[in-house]
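Residue numbers (this note's numbering): 3 to 397.
Beta carbons are placed, not taken as given, at the ideal position from N, Cα and C, and that holds for glycine.
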Amino acid sequence: MGNSKRLLIVVTQAEWGGVQGYVARCAAEAKRRGFEVLVAAGGTGELESRCLNNGIPYRRLSRLRRDISPFADVSAIRELVALMREWRPDVVYLHSSKAGIIGSIAARIAKVPRVVYRIGGWSFLDPVSPLQKIIRRWSEKLTAGMKDVIITVHPGDEELARRVGIRPREALVTVANGIDLNAFDANLLSRDDARALLRGLWREGVPSHASMDEHDQLVLTVANFYPAKNLIGYLDAVKLINKERPRTRFLIIGDGESRTQLQTERAALGLDAIVSLPGKRDDAASLLQGADAFVLPSVKEGMSWAVLEAMAASLPCVVTDVGANRWMAEDACAVVPPRDHQALAHAILRLLDDKTAADRSGARARNVIERRFTDRAMWDATFNALLPPGTTAAV
C-alpha cells in the first residue's frame, strides 16, 4: 500500500484513558504501515501531546463533547464535515460512542469512502436513566448503517449488537485488545523500585497523619473516576476488609467527575487514612509490580486496558463480571458479581491471605496475555478491517 491512503482517527475526548492510549498507539502503528494519519479529538488532554511528540498531526475539535447537547452536537457535525472535506481521508476510524454517532453522520455528509467504528463498550449499558439507555441504544441502531464496519472488543458486545439490531453496512467483527509485551516489560519497574514509588504516592493522597509501614499490603486500582467504575461502591468493600485487616492500604490512581463524591464517601466511612486518592499518573502501568493485588470494581466495562496491563504484570486481579472480564480472565482472576461488595471483599481477602495462591494467579494471568492478547494479532485484524474487502493491510 502506498502513502496515498489517508486515515482520520476521531475520538470524543482527549482526556487520557484507555481509549486515548489505544488511539495514540494505533496512530503510530498506522504511520508505520504507510498511512498518512491525522488524529482529532474533543477538548484538551494528554492525547494531543502524545500524538505531537510521536510526529502524528493532531486537530483539536472545539464542539465535540461527551454529554448530549443538541446545539453543540450539530456544531460538532459541521466541524467534522469541514475537517473531512478539507483533509479528504480515505478512511475514518471512530472511537467511543459520541464520536461514533457524530462522526458517522459527518462522514456520510462529507462522502468519506470508508467508515469504521470501534466501540470499547456499548454506552447504553452505562449506569444511566432508562430514558438515556433508550436514546443511546437507538442512536447506535440508527447510525449503524452509516458505518461500513463496527469493531467490538469482545464476543459479548458483538452478540449484544446483533441481538438489538445494530447492523453496519458490511461487517460486525470482534478484535480483542492486545499488549506489546516487549515494550510493556521494558517499562516495568522492579518490585522493590515500584513498591517504594507506590508507598510515596500513597502518602500523597491521604492526610499527613496517615501511615503505611514497609510490610503493609497494598491493593491497587487504576481507573478514571466515572460512575461506571463504581469506585464509591468499592469503598463499602474496603470498609469490610479494613475490619479484618486494618493494616491493608488501598491506592486508587486516576481522576474524573466522581472525585468529590468519592472523597466525601471516603471521609464518611472513616477511610481517609486507608484509601489514597493521589490523582492521575502517566506511569501507572510501570508501577504495577509494586502492588500486592489489583482490583477493578466496575459495573460496566468493555475490555479493560487496566486489567490487561495488571495481568501482563503478573499481578493477581479481582474484577467484576461485566463486559469482557470473565472471558479474558479465564481462571486467572477472581471474578465476582457487580455491586456485591461482600463478594468483592472476600475475594480480595482470599488473595491477601494466601500469597502462594496469589502468585499462582498472577502467573496464570500473564500466561493468558501471552497466549491470547498480543498487539500483533490486534493490529493485523484492525488494519484488515480498516481497508475494503480484498485489500491486504501492510504489516
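Every unbroken stretch of the alpha helix (DSSP H) spanning 4 or more residues and falling wholly within the segment 148-185 is given here in chain order: 157-166.
Counting along the chain, I255 sits inside the beta strand (DSSP E) bounded by residues R251 to I255. For I121, the enclosing beta strand (DSSP E) starts and ends at R116 to I121.
Beta-bridge annotation (DSSP): F296 is paired with L222 and C319. Assignment of beta-bridge partners to L40 by DSSP yields L10. Judged by beta-carbon spacing, T358 lies beyond the 7 Å limit of V297, meaning their Cβ atoms are not closer than that value. In the assembly as shown, K245 is an exposed residue. Its beta-carbon has fewer than 16 other beta-carbons within 10 Å. When DSSP states are grouped into helix, strand and coil, L96 belongs to the strand group. Under the three-state reduction of DSSP, L310 is assigned to helix. Residue pairing of T376 in beta bridges, as defined by DSSP: I181. Taking C-beta atoms under 8 Å as the contact rule, Y95 and L388 qualify, at a distance of about 6 Å. Residue nearest to G57 within the set V39, R139, F73 and I168 is V39 (criterion: CA-CA distance).
Under the 8 Å Cβ criterion, the segment 198-212 counts as touching the segment 267-280, having at least three qualifying pairs. Contact between P340 and V370 is ruled out by a C-beta separation of about 21 Å, above the 8 Å threshold.
Counting of Cβ neighbours within 10 angstroms places P318 among the buried residues, the total reaching 16 or more. Using a C-beta cut-off of 8 Å, the segment 29-45 makes contact with the segment 5-19, since at least three inter-stretch Cβ pairs fall below that distance. In the assembly as shown, T384 is a buried residue. Its beta-carbon has 16 or more other beta-carbons within 10 Å.
In the DSSP assignment, L200 falls within the alpha helix (DSSP H) that extends over R193 to E206. In the displayed model, R90 falls within coil according to three-state DSSP, outside both helix and strand.
Scanning its chain for C-beta atoms nearer than 6 Å, with the 5 sequence neighbours on each side dropped, one finds around R87 the residues A112, in chain order. Between the C-alpha atoms of K149 and V93 there is a straight-line separation of about 11 Å. Looking only at H217, V321, A308 and T266, the smallest Cα-Cα distance to Q22 is reached by A308. As computed with DSSP, R62 is found in a beta bridge with A43. For L279, the enclosing beta strand (DSSP E) starts and ends at V277 to G281.
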